[in-house]
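S.K.: Residue numbers (our numbering), protein chains in the order written: chain V, 30 to 371; chain W, 30 to 371. We treat Cβ as the ideally placed atom computed from N, Cα and C, and that holds for glycine.
Protein chains: 2
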Amino acid sequence: MGINGYGTIGKRVADAVAAQPDMTVVGVAKTRPNYEATVAVESGYDLYAAIPERADQFGEAGLETAGTVEELIEASDIVVDATPSGVGADNKSLYEAADTPALFQGGEDDALVDVSFNARSNYEAAADADSVRVVSCNTTGLSRLIAPLREAFGIERVRATLVRRGGDPAQSDRGPINDILPDPKTLPSHHGPDVKTIFPDLSIDTLGLKVPATLMHMHSLNVTLESAPDVETVRDALADEDRLALLGEDLDITGTADVKEYAMDMGRPRGDFWENAIWDESITVKGRELYLFQAIHQESDVVPENIDAIRAVLEAEDKATSMARTNEALGLSDSPNPYPRP
Amino acid sequence: MGINGYGTIGKRVADAVAAQPDMTVVGVAKTRPNYEATVAVESGYDLYAAIPERADQFGEAGLETAGTVEELIEASDIVVDATPSGVGADNKSLYEAADTPALFQGGEDDALVDVSFNARSNYEAAADADSVRVVSCNTTGLSRLIAPLREAFGIERVRATLVRRGGDPAQSDRGPINDILPDPKTLPSHHGPDVKTIFPDLSIDTLGLKVPATLMHMHSLNVTLESAPDVETVRDALADEDRLALLGEDLDITGTADVKEYAMDMGRPRGDFWENAIWDESITVKGRELYLFQAIHQESDVVPENIDAIRAVLEAEDKATSMARTNEALGLSDSPNPYPRP
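#1: Taking C-beta pairs closer than 7 Å, name the residues in chain V that W/S311 reaches, listed in chain order.
#2: Would you mind stating whether V/D143 and V/S160 have Cβ atoms separated by less than 8 Å?
#3: Please confirm whether V/V342 has its beta-carbon closer than 8 Å to some beta-carbon of chain W.
#4: Is there a C-beta anywhere in chain W that falls below 8 Å from the one on V/A84?
#5: Taking only three categories from DSSP, how would you classify V/H248?
#6: Quick check: is the beta carbon of V/N63 nearer than 8 Å to any beta carbon in chain W?
#7: Per DSSP, what kind of secondary structure is W/P365 in: helix, strand or coil?
#8: Listing by chain order, which chain W residues have their CB less than 7 Å from the CB of V/M293?
#9: I want to verify the contact list: residues of chain W whose CB lies under 9 Å from the CB of V/W308, in sequence order.
#10: Excluding the 5 residues flanking V/F322 on each side, which residues of the same chain have their C-beta closer than 8 Å to its C-beta?
#11: Please determine, among W/E153, W/L280, W/A292, W/D265, the residue with the shortest C-alpha to C-alpha distance to W/T350.
#12: Helix, strand or coil for W/G34? Go by DSSP, reduced to three states.
#13: Should W/E82 go down as buried or exposed, given a rule of 16 or more other Cβ atoms within 10 Å for buried?
#14: If you follow the beta strand (DSSP E) that V/Q323 is part of, which residue opens it and which one closes it?
#15: Counting only C-beta atoms, is V/F322 closer than 8 Å to chain W at any point?
#16: Can you check whether the C-beta of V/V252 is within less than 8 Å of a C-beta belonging to chain W?
#17: Does the separation of the CB atoms of V/E255 and V/I184 fall below 8 Å?
#18: Indicate whether at least one CB of chain V lies closer than 8 Å to the CB of W/D259.
#19: Relative to the alpha-carbon of V/R317, which residue among V/F133, V/T262, V/G360 has its alpha-carbon at the smallest distance?
#20: Could you check whether W/G284 and V/P211 sit closer than 8 Å to each other, using their CB atoms as the reference points?
#21: In the DSSP assignment, the alpha helix (DSSP H) including W/D138 goes from what residue to what residue?
#22: Is W/D197 near W/T37, with beta carbons less than 8 Å apart?
#23: Kindly say whether W/V116, judged by its beta-carbon, lies nearer than 8 Å to any beta-carbon of chain V.
#24: What are the start and end residues of each continuous alpha helix (DSSP H) run of 4 or more residues lying completely inside the stretch 47–77 of chain W, in chain order?
#25: Measure from the C-beta of W/P365 to each C-beta in chain V and report whether the shortest distance is under 8 Å.
#26: Can you grab the Cα-Cα spacing for the pair V/E103 / V/D110, in whole Å?
#27: Hey, could you find the ends of the alpha helix (DSSP H) W/N16 is sitting in?
#28: Mind checking V/G31: buried by the 16 CB within 10 Å criterion, or exposed?
#29: Since W/N167 meets chain V, which of its residues come closer than 9 Å, beta carbon to beta carbon?
#30: With a CB to CB cut of under 6 Å and the five nearest residues on each side skipped, what residues in its chain are close to W/T60?
#31: If you measure between the beta carbons of V/A69 and V/V57, is that distance less than 8 Å?
#32: Listing by chain order, which chain V residues have their CB less than 8 Å from the CB of W/K225?
#33: Using a Cβ-Cβ distance cut-off of 8 Å, determine whether W/P113 contacts chain V.
#34: Give the residues from the stretch 178–212 of chain V that approach chain W closer than 7 Å (Cβ to any Cβ), ordered along the chain.
#35: Can you tell me where the beta strand (DSSP E) with V/T313 in it begins and where it stops?
See the structure below:
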């Protein structure tokens, strides 16, 4: 596989591809040299120049390149476009010219692609597609929860308030500082309509806020179900899902910082938390009304979804096999000691 | 009136009492000398020692005291207890011993008092009461909104996510920094049951979060109405309420910091924003489902409510007269230039 764009998502997808027994990283394309490019080379990835005119910047920085992004695309069975929002749309013609299927990220528009993708919800829809959009971190988190609830209990309406981190930890040009902002001020936020690219007939209302935090998003969720299960039945249905992590009371996880600390203590790469982090104690059912809190790690929850999307497009495995293989290769269900063993 | 406790709420209530044409500040009681005590004396308030054994600390700090808190209570027609949560309960016997009616704040338990109070919702219930609790900032904000909606459209269910500031601006020992916490992790937060002290038969579910911000709380609100008004009808009903401020699109207020900046630009004391700050653009109606965002200034929205509670207990005025007089005396509807005029 080729990875075009080697920032927050691209570097994680590259490492995740390298961890799969049935995949190989052909190379990664980057616009400019920086610490991420240095680590890419040290990780053994061939580095391609995303902007050919700037290719010599890499040489000046002491980084060898293997060619241009066009050459990377030609050499790949499939390309994961992990460039910034909107740039993916500009790149589409490159993939089409090489007749290489491409995965885009959630910042791109649904209209750009053949299908918007969430592994749990619509894996099969991506088969043999030329272009697939792996939906955004928040839409992924909502879809993973909606799919099993819909199957088990039916859903009349979803209402979600998304309390969003202002920026990622390294995005030092982002705010807010000491503020709480409706974002957007009008309803719905884009998340509701985005979830409907996965579940077209779902009734969902989303409200977005932005706060001075960088670690994870937080969802305050209400789902009006079509039936009235007891809370244990709902908990069991969610506990069956590998990409929903129920944070038990014994873990004593107070907020997003504890979730990240937990991921680091488990030795996960970059402290990533790929699953929806659902507070078990928050799961509440009153008649047909379900409430819960879940935190979403914006930098990593789409990583396993990109891996599954690759297999889905190439029709390499069925859904259950792909998701299980991805989970195992990433160590999604393990809790190892964080230090390498001798 | 006497004010026992001269911190965030007490100092604001004292200034608000002093601004009323029909009220006089007998004095304020404080536990220890600090900048707030100094400003109290400079404001012309007689200072009483809340802890008689520590009374000489004031003298050592160069602040004259007029007596002990018991003497303040004896000299007052009514006392506003603005001491920290839980201390009010300890003080109740002092007020009873002096046969002086007392107002408590929202941090005290509903069981402590004859009646929990919100001016718009149940003014008359406080008539001749010995003890009244002015409900907390968040409960006040919710009650002010619920009362007119219930009257105009009926309410089937309220669902609210309260994104709470971690601490007040001067509470430098409070967190979080860079975190988003379910607070509490279980549902409901105490706010729903607290609102039911005002509207006993209301169906309301509240979820609480805590974020790294100090300026105001933010409510993400859903109300399932009993009828299906159009959005203009709802907006008109809310615009009729003096203590609901609809922030129009033209004001270009992006978040809580802009609301506070707006209050300071208007010359309001301490930059207080007494009204619910409702984003006009956020008001959305889909069938019987109403959604909106409102910000609540935790330090000040209960101040006009304390003033009205005084008149309600003493049966000095009817509800409409009291609320209008309070609003006018505080300058709640004015937008003056912030600098004093010559």
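M.R.: According to the structure shown:
#1: P211, K214, T215, L216
#2: yes
#3: no
#4: no
#5: strand
#6: no
#7: At W/P365 the pLDDT is 48, less than 50, meaning the model places this residue with poor confidence; the figure from the coordinates comes in the next sentence. The answer is coil: DSSP assigns W/P365 none of H, G, I, E or B.
#8: The contacting residues do not exist; V/M293 stays about 15 Å from chain W at best.
#9: P211, K214, T215
#10: M247, H248, S249, L250, I307, W308, S311
#11: W/E153
#12: coil
#13: exposed
#14: 318–325
#15: yes
#16: no
#17: yes
#18: no
#19: V/T262
#20: yes
#21: Premise fails: W/D138 is in no alpha helix (DSSP H) and is neither H nor E.
#22: yes
#23: no
#24: 64–71
#25: Residue confidence for W/P365 is low, a pLDDT of 48 falling below 50, so the modelled location carries little weight and cannot support an answer.
#26: 14 Å
#27: With chain W covering only 30 through 371, there is no way to say anything about residue 16 of chain W.
#28: buried
#29: Neighbours of W/N167 on chain V: none; closest Cβ ~14 Å, over 9 Å.
#30: A79, I80
#31: yes
#32: Here the premise fails: no neighbours, minimum Cβ distance about 14 Å.
#33: no
#34: R188, T190, V192, P205, N207, D208, I209, L210, P211
#35: 313–315
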